[in-house]
Amino acid sequence: MSEIYDIGYRHYDGPRMGGAYATRALTVHSLRGIFGLGRPARSKIVPFALVVIMLLPMVVSIALMALAQQRGIPYSGFAVLMQAVVAIFLASQAPTVVAPDLRHRVLPLYLSRPISVFQYVAAKVIAMTAALFLLVAGPLTLLWIGELVVDMPGPPATGEYVGALLMALVLALLLSAFGLALASFTPRRGLGVASVITVYLLSSASVPLLYGTMISTGNESGAAWAWLMNPFWLVDSVQSWLFGTPSHADGPYPNGPASAAILVVLIGVGLAALALRYRKAASR
Numbered sequence: 599m600s601e602i603y604d605i606g607y608r609h610y611d612g613p614r615m616g617g618a619y620a621t622r623a624l625t626v627h628s629l630r631g632i633f634g635l636g637r638p639a640r641s642k643i644v645p646f647a648l649v650v651i652m653l654l655p656m657v658v659s660i661a662l663m664a665l666a667q668q669r670g671i672p673y674s675g676f677a678v679l680m681q682a683v684v685a686i687f688l689a690s691q692a693p694t695v696v697a698p699d700l701r702h703r704v705l706p707l708y709l710s711r712p713i714s715v716f717q718y719v720a721a722k723v724i725a726m727t728a729a730l731f732l733l734v735a736g737p738l739t740l741l742w743i744g745e746l747v748v749d750m751p752g753p754p755a756t757g758e759y760v761g762a763l764l765m766a767l768v769l770a771l772l773l774s775a776f777g778l779a780l781a782s783f784t785p786r787r788g789l790g791v792a793s794v795i796t797v798y799l800l801s802s803a804s805v806p807l808l809y810g811t812m813i814s815t816g817n818e819s820g821a822a823w824a825w826l827m828n829p830f831w832l833v834d835s836v837q838s839w840l841f842g843t844p845s846h847a848d849g850p851y852p853n854g855p856a857s858a859a860i861l862v863v864l865i866g867v868g869l870a871a872l873a874l875r876y877r878k879a880a881s882r
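Counting in our numbering, the sequence shown runs from 599 upward without gaps.
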């Protein structure tokens, strides 16, 4: 003889915020996780240590302006100069954005309702882009404020600062798209860190080698294209074309429209690869 028990379950009858609200909540949650907020103290060590490292050169530049009335690091060249730190931040934090959901197989729960694959991927990319942008834009803003306070001779370099902020956002989007795509191919954080940093090291080391080889053989026009294999120099080439800033590589860049086209294509490829990866993971 069977019996029916009322165990007290009730249907949710409160307000339903919809997919947009859930996407915003996932974005904020992912952004907090990147900086270790709401997580154990050891999770905050790496991101905040890298933030401090990014700020130190700007403190030195402000001191140089105050004491010697000389400009230090240019706004337009800051991201290129600090690319190793930015790459380490990306490699260390990108797996924290994508790996846990893949490892614990909770992605189908997110996508059951009301978030779609597109909204899930958008939330993750926006969070990583915002974190990288803050990492670069924070020191740039500190330097600009320091320049205003010190009152350097001549007008402040506000135009270069605004241009550097815009390109920092583009760089953050490019790095986020590819960093998250690389990290999403494995649910293990250690392997995700290794994959991102390996790709960066290969691009960083191969570009000067390839450039030098082409220069030695007299292929100067082809050598200029070698710089575009590194995301930081690629964005710098677009910045030079758009705002007339000097090249921060050891040689000239190719023409600006071609660099901009390559940049747009690479961002699209990275986002498409990330979306396809999560569409496949969601179908399991």
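We put the beta carbon where it would ideally sit given N, CA and C, even for glycine.
Small disclaimer: the values here were computed from a predicted structure and weren't measured.
Inter-residue CB distance, W825 and S835 (contact presumed, cutoff 8 Å): 6 Å
Is it true that the CB of I865 sits closer than 8 Å to the CB of A720? no
Leaving aside the five residues before and after I643 along the sequence, list all residues of the same chain whose C-beta is less than 8 Å from its C-beta, in chain order. G634
Backbone CA spacing between V791 and V649 [nearest angstrom]: 18 Å
Backbone secondary structure at Q667 - three-state DSSP: coil
Thinking just about the alpha-carbon of each residue, which of M812, V797, L799, Y718 is nearest to the one in H627? Y718
Which residue wins for smallest C-alpha separation from V888, given the options L772, P737, T621? Given that the chain is displayed from residue 599 to residue 882, the structure contains no residue 888 and the question cannot be resolved.
Rounded C-alpha distance that separates F830 from D611: 50 Å
Under 8 Å between the Cβ atoms of E745 and A735? no
Could you tell me whether the Cβ atoms of I795 and L832 are closer together than 8 Å? no
Inter-residue spacing [alpha-carbon to alpha-carbon] between S801 and Y809: 12 Å
Whole angstroms are fine: how far does the CA of A781 sit from the CA of V696? 7 Å
Cut-off 6 Å between Cβ atoms - residues of its own chain near M765, not counting five sequence neighbours on either side: V833, Q837
Within 8 Å, strictly: CB atoms of A725 and L629: yes
Can you tell me where the alpha helix (DSSP H) holding A880 begins and where it ends? 854–880
To the nearest angstrom, how far is the alpha carbon of A639 from that of V867? 36 Å
Can you give me the start and stop residues for the alpha helix (DSSP H) that G777 sits inside? 756–781
Taking only the alpha-carbon atoms, compute the straight-line gap between P855 and L707 and give it to the nearest angstrom. 43 Å
What would DSSP say about R637, mapped onto helix, strand or coil? coil
Anyone know if the C-beta pair for G670 and V658 falls short of 8 Å? yes
Give a yes or no on whether the C-beta atoms belonging to L700 and A879 are separated by under 8 Å. yes
In terms of alpha-carbon separation, which member of E758, M827, H702, A821 lies closest to A803? M827
Buried or exposed for V768, going by 16 or more other Cβ atoms inside 10 Å? buried
Three-state class that DSSP yields for R703 in the structure shown: coil
Leaving out five residues on either side along the sequence, give the residues of the same chain with a beta carbon under 6 Å from the beta carbon of L740. M656
Please tell me whether, using a cut-off of 7 Å, the distance from the CB of A792 to the nearest non-hydrogen atom of the ligand FMN is below it. The model on display carries no ligand, and the ligand FMN is accordingly not part of it.
Please state if the CB of A689 and the CB of Y619 are separated by a distance shorter than 8 Å. no
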